[in-house]
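Asks: Residue numbers (this note's numbering): 1079 to 1248. Quick one: the structure is below, questions incoming.
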């Protein structure tokens, strides 16, 4: 981050806290009124992007949390088979320790119902499937065109002499 000024460095540090650019801009001294515009401007700076990537890589190394690890955890929660849980009687929090790790990792919490029964809450499948699918490129929000499509479209806009066609259509 040597090429950044102190305010830019502070923005990068604040952005890495919660990945909220507007709030990072406010926390490093920009006014609330202009924070969104300033954040957008700062995020478009190549040096700031490099510093953010450097900070994220350092955090990943420090915490030993990698993209692969996160994807594996998403897959565990998204593809969990509840049958792995019903094979074992769970009547109190201490019983959770007796479960295999892959089962424990999908437990989001627990409580007791009105009758006093111990109830486990599992991580929801749908949001985890969505995150996993997005990561794997299964869901696209934009229409993707190949370079061939773009070239064909451009060729349709010019005639045989290389001049633009009148009206721009083929």
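C-beta: ideal position from N, C-alpha, C; glycine also.
1) Buried or exposed for residue 1098, going by 16 or more other Cβ atoms inside 10 Å?
2) From which residue to which residue does the alpha helix (DSSP H) around residue 1149 run?
3) Going by DSSP in three states, residue 1211 sits in which element: helix, strand or coil?
4) Could you tell me which of 1155, 1105 and 1130 sits nearest to residue 1202, measuring between CA atoms?
5) Rounded to the nearest angstrom, how far is the Cβ of residue 1086 from that of residue 1120, given a contact under 8 Å?
6) Answer with buried or exposed for residue 1214, where buried requires no fewer than 16 other C-beta atoms within 10 angstroms of its C-beta.
7) When the Cα of residue 1330 is compared with those of 1130, 1140, 1185 and 1207, which residue comes out closest?
Replies: Quick answer:
1) By the neighbour-count rule (16 or more Cβ atoms within 10 Å), residue 1098 is not buried but exposed.
2) Element bounds for residue 1149: 1145 to 1156.
3) Helix.
4) The residue from 1155, 1105 and 1130 with its alpha-carbon nearest to that of residue 1202 is 1155.
5) Residue 1086 to residue 1120, Cβ: 7 Å. Contact.
6) Label assigned to residue 1214: exposed.
7) Only positions 1079 to 1248 of the chain appear in the structure, and residue 1330 is not among them; the question remains open.
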